[in-house]
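Trainee: Heads up, the sequence shown is in numbering that gives the first Met the number 0, so the first residue is 0 and it goes up one at a time.
No residue lacks a Cβ here, since even glycine has one placed at the ideal position from N, Cα and C.
Attaching a single structure in structure tokens format; questions to follow.
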Amino acid sequence: MADKLLKEHLYGDLLSPTPGYSTDFALGMTYCLSFEAMLTAHLAFGMLGEMDDNVIQSHHLLLDAIAKSSEKVVVFCNKGGIAVPPAIRKVYSLMERNIFEVFDRRNHKANFHPKLWLIREINNDDRKDALLKLIVTSRNLSFTDTIDCIACLTGKVGPTSVNNKKHKPLIDFIRAIVKESNIGNDQKKSVLKLAADLARVEKFDVESPFEDYDFYPYLFNYDFGLPQVEDYLVGAESIIVSPFIDKTMISRLNPENRCKRTLITRKEYVDKSIFEKFKNKGGIYVTLDDLASRGIDLHAKIYHVWNGRNEQYLYLGSANATTSAFERNGEFLLRLKYKYGNTRSAQFLSDFYENGNSDNKFMPLNEPLENASSAIKWDAAESAMKELMCAEDLKARITRHRNGRFSIIVASNSMRLANDVFIAPLQKKDLLQRWTGRVTFEDLGADELSEFFIISATTPDGTHHNAVIKIETTGMPSDRDQEIYKGIIKSPNDFFRLLEIMLTDTPLQYISTEILHKEHTGNGIKPEENLSFPNLYEKMLKIAATNPKQIQEISRLISKLSDDIVPPVFIKMYKLFVAATE
Numbered sequence: 000m001a002d003k004l005l006k007e008h009l010y011g012d013l014l015s016p017t018p019g020y021s022t023d024f025a026l027g028m029t030y031c032l033s034f035e036a037m038l039t040a041h042l043a044f045g046m047l048g049e050m051d052d053n054v055i056q057s058h059h060l061l062l063d064a065i066a067k068s069s070e071k072v073v074v075f076c077n078k079g080g081i082a083v084p085p086a087i088r089k090v091y092s093l094m095e096r097n098i099f100e101v102f103d104r105r106n107h108k109a110n111f112h113p114k115l116w117l118i119r120e121i122n123n124d125d126r127k128d129a130l131l132k133l134i135v136t137s138r139n140l141s142f143t144d145t146i147d148c149i150a151c152l153t154g155k156v157g158p159t160s161v162n163n164k165k166h167k168p169l170i171d172f173i174r175a176i177v178k179e180s181n182i183g184n185d186q187k188k189s190v191l192k193l194a195a196d197l198a199r200v201e202k203f204d205v206e207s208p209f210e211d212y213d214f215y216p217y218l219f220n221y222d223f224g225l226p227q228v229e230d231y232l233v234g235a236e237s238i239i240v241s242p243f244i245d246k247t248m249i250s251r252l253n254p255e256n257r258c259k260r261t262l263i264t265r266k267e268y269v270d271k272s273i274f275e276k277f278k279n280k281g282g283i284y285v286t287l288d289d290l291a292s293r294g295i296d297l298h299a300k301i302y303h304v305w306n307g308r309n310e311q312y313l314y315l316g317s318a319n320a321t322t323s324a325f326e327r328n329g330e331f332l333l334r335l336k337y338k339y340g341n342t343r344s345a346q347f348l349s350d351f352y353e354n355g356n357s358d359n360k361f362m363p364l365n366e367p368l369e370n371a372s373s374a375i376k377w378d379a380a381e382s383a384m385k386e387l388m389c390a391e392d393l394k395a396r397i398t399r400h401r402n403g404r405f406s407i408i409v410a411s412n413s414m415r416l417a418n419d420v421f422i423a424p425l426q427k428k429d430l431l432q433r434w435t436g437r438v439t440f441e442d443l444g445a446d447e448l449s450e451f452f453i454i455s456a457t458t459p460d461g462t463h464h465n466a467v468i469k470i471e472t473t474g475m476p477s478d479r480d481q482e483i484y485k486g487i488i489k490s491p492n493d494f495f496r497l498l499e500i501m502l503t504d505t506p507l508q509y510i511s512t513e514i515l516h517k518e519h520t521g522n523g524i525k526p527e528e529n530l531s532f533p534n535l536y537e538k539m540l541k542i543a544a545t546n547p548k549q550i551q552e553i554s555r556l557i558s559k560l561s562d563d564i565v566p567p568v569f570i571k572m573y574k575l576f577v578a579a580t581e
């Protein structure tokens, strides 16, 4: 089982709809987030495929993906968890309606750390047939080479509420997250509706070797009725898989007795005292040195607990074996119960390490490192950034000037920080300014405006940190999105290229064909020359029959573009088409 859990997964694979179904709404939770990975989620929910080099280069396909899924995906992440992208794209600003931050207003050092997706899928032939897909993982919404775990459960949404008590902790968890986030009112309604759907699921299906499940959420100071960790994570035999550890929690999970316990973790956190606690029980295992040198490290969080043939559980999710995970952060664990007499700890452990197996990713740790430390400390730069980003009065205001340009004022009463912090609009990182309580950014175009801002700080010893944060912003012009579209769709050629992508069943194949043609001829496909209106009309008829909402998307696209971009002859044809299909 562990071998399957530890295989690499791309978010495009995980999030793509079940065959015969389409994504109706998706809720994601992650500690950190990259815009590139978020685009992969849009591609998956828009049923457009996965990210690769061709997709990354196609602004038209990314626009189509965001347009198709922007109203049906919400992702919650940790405040300060959005990574600064290596290259800034205008389409990133279009994801403001999808990404929201969570933080504890009472304790800024608490982290929102769960990693899960809850997705409602609708049968393509019967909208009354709905599924809820729950994906629980240790992987953030980012591209990494770390070793992670994942589980997926699916349940049917019934016509009425059945109120399965097993689902109440997850329902309460989602409702609490909404309260602790900066989510907008429209998206809040969609998230709460999804939580209500959980009450209409009689049960989630569980595959062999498991027979049952339970949910274990944690969020700041909320009480979800969970027992103490000693009451459920300490068994007669147990295996703790956790990249981060601390002495206090390890002592609670590995009390002083003769029970067999094994720890699988990162080598740099195993000091002498922790090593001694496991030496005569089950030992400690760490990733192979050559894996670590290639940037591949353990990131999975799994707890295997054995209390007899009928009490054997596998917990997996986001919670490290640390005090902060179980007493301060937001976390989520899925508990899977093994079928009676299925296996014991030694069999589970063999999936991680088996003597003589050349495919092992782990090795026994025979002695602790002299300089090992399980203490994780914040430096002055991180603390100052957190203080600023969590200031309740941090606001941004946009002003339009007579020349059509804009300025942004960002202000807060948090003026004096322990470390210098710099801030800039996401789309204009070259305007980085030192924070003094109020900063002004001048002469911005509409397509350069965003609720996302970059903040950065460097400690006196040279340690640098940066992040993207979302700031409540007033005065955003109503035509901002339109200007972003115009910056990408600059000609009739661009318009027809995007239209072709919107109407094809295989957009990735279209992109690949276009690039191949360009490589051979030195010119891109010129749809205004090669695309005949009869063929286009036929494609639109097909889409109208199978996905009428997509025809509405064409109308919205036209409204965002000027007359010199959308040929009048096409607008005339489109109006005739709409009239004929009403």
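Would you mind sorting Gly355 into buried or exposed? The rule is 16 or more other CB atoms within 10 Å of its CB.
Mentor: With fewer than 16 Cβ atoms within 10 Å of its Cβ, Gly355 is classed as exposed.
Trainee: Near Leu368, which residues of its chain fall below 8 Å by C-beta distance, leaving aside the five closest residues on each side in sequence?
Mentor: Lys266, Glu267, Val269, Asp270
Trainee: Could you say which of Glu447, Met501, Asp493, Arg496 lies nearest to Met475 if we only look at CA atoms?
Mentor: Glu447
Trainee: Look at the alpha carbon of Phe495 and the alpha carbon of Leu133, and state the distance between them as a whole number of angstroms.
Mentor: So the alpha carbons of these two residues sit roughly 38 Å apart.
Trainee: Flag this pair as yes or no: are the beta carbons of Val420 and Ile470 separated by less than 8 Å?
Mentor: no
Trainee: Please check the pair Tyr284 and Asn309, which I expect to be a contact at CB under 8 Å, by giving their CB distance rounded to whole angstroms.
Mentor: Going by Cβ atoms, the distance from Tyr284 to Asn309 rounds to 28 Å, so no, they are not a contact pair.
Trainee: Can you list, in chain order, the stretches of the alpha helix (DSSP H) that have 4 or more residues and sit fully within the segment 215–258?
Mentor: 228–231, 246–252
Trainee: In whole angstroms, what is the alpha-carbon distance linking Ile407 and Asn220?
Mentor: 36 Å
Trainee: Decide if the segment 318–335 is in contact with the segment 211–219; the criterion is three or more beta carbon pairs, one per stretch, under 8 Å apart.
Mentor: These segments touch.
Trainee: By the DSSP assignment, the beta strand (DSSP E) with His463 in it spans what residues?
Mentor: 463–469
Trainee: Quick one: give me the first and last residue of the beta strand (DSSP E) that Ala25 is part of.
Mentor: 20–29
Trainee: Cutting at 8 Å between CB atoms, please list the residues of its own chain near Phe209, excluding the five before and the five after it.
Mentor: Leu313, Leu335, Lys336, Tyr337, Lys338
Trainee: Apart from the five residues on each side of it in sequence, which residues of its chain come closer than 8 Å, Cβ to Cβ, to Ile564?
Mentor: Lys485, Ile488, Lys489, Ser490, Pro491, Asp493, Phe494
Trainee: Here's a check: name, in chain order, each residue in its chain whose Cβ is nearer than 6 Å to the Cβ of Glu236, leaving out the five neighbours to either side.
Mentor: Lys259, Trp305, Ser344
Trainee: Closest to Met388 by C-alpha separation, out of Lys155, Ala320, Ala466, would be which residue?
Mentor: Among Lys155, Ala320, Ala466, the Cα nearest to that of Met388 belongs to Ala466.
Trainee: My output table needs one value for Phe331: the three-state DSSP class, helix, strand or coil.
Mentor: Collapsing the DSSP output to three states places Phe331 in a strand.
Trainee: With a threshold of 16 other CB atoms inside 10 Å of the CB of Met28, please say whether the residue is buried or exposed.
Mentor: buried
Trainee: Taking the runs of the beta strand (DSSP E) that are 3 residues or longer, which of them lie wholly in the segment 372–425?
Mentor: 394–399, 405–410, 421–424
Trainee: Between Tyr30 and Phe451, which are expected to be in contact by the criterion C-beta below 8 Å, what is the C-beta distance as a whole number of angstroms?
Mentor: With a Cβ gap of about 18 Å, Tyr30 and Phe451 do not count as contacting.
Trainee: Verify whether the separation of the beta carbon atoms of Trp299 and Ile146 is less than 8 Å.
Mentor: For the record, residue 299 in the displayed sequence is Ala; it is not Trp. It is a contact, given that the beta carbons lie within the stated cut-off.
Trainee: Is Pro216 close to chain C? Criterion is C-beta to C-beta, closer than 8 Å.
Mentor: No chain C appears in this structure, which consists of one protein chain only.
Trainee: Which first and last residues belong to the alpha helix (DSSP H) in which Leu38 is found?
Mentor: 34–44
Trainee: Where His303 and Ile557 are concerned, what is the direct C-alpha to C-alpha distance, given to the nearest angstrom?
Mentor: 55 Å
Trainee: Quick one: Cα of Gly316 to Cα of Leu62, how far?
Mentor: 32 Å
Trainee: For Glu275, which of helix, strand or coil comes out of DSSP?
Mentor: helix
Trainee: Where does Met572 sit, in a helix, a strand or coil, going by DSSP?
Mentor: Look at Met572 here: in three-state DSSP terms it is helix.
Trainee: Taking 8 Å as the threshold, find out whether the segment 113–120 comes into contact with the segment 135–143 through three or more Cβ pairs.
Mentor: yes
Trainee: Under the assumption that Ser33 contacts Phe172 (Cβ atoms under 8 Å), give the Cβ distance between them as a whole number of angstroms.
Mentor: The beta-carbon separation of Ser33 and Phe172, rounded to 24 Å, does not stay under the 8 Å limit for a contact.
Trainee: Alpha carbon to alpha carbon, how far is Thr17 from Glu120?
Mentor: 8 Å
Trainee: In the DSSP assignment, the alpha helix (DSSP H) including Phe203 goes from what residue to what residue?
Mentor: Premise fails: Phe203 is in no alpha helix (DSSP H) and is neither H nor E.
Trainee: Determine whether the beta carbon atoms of Ala25 and Arg327 lie at a separation below 8 Å.
Mentor: 8 Å or more divides the Cβ of Ala25 from the Cβ of Arg327.
Trainee: With DSSP as the reference, label Ile295 as helix, strand or coil.
Mentor: coil
Trainee: Using DSSP with H/G/I as helix, E/B as strand and the rest coil, what is Thr286?
Mentor: strand
Trainee: Within the same chain, show all residues whose beta-carbon is closer than 8 Å to that of Ala150, passing over the 5 residues directly before and after it, in chain order.
Mentor: Same-chain partners within the cutoff: Leu4, Ile134, Val135, Thr136, Leu315, Leu333, Leu335.
Trainee: Tell me where the beta strand (DSSP E) around Ser455 begins and ends.
Mentor: 451–457
Trainee: Of the residues Lys360, Glu552, Phe277, which one's Cα is nearest the Cα of Glu255?
Mentor: Phe277
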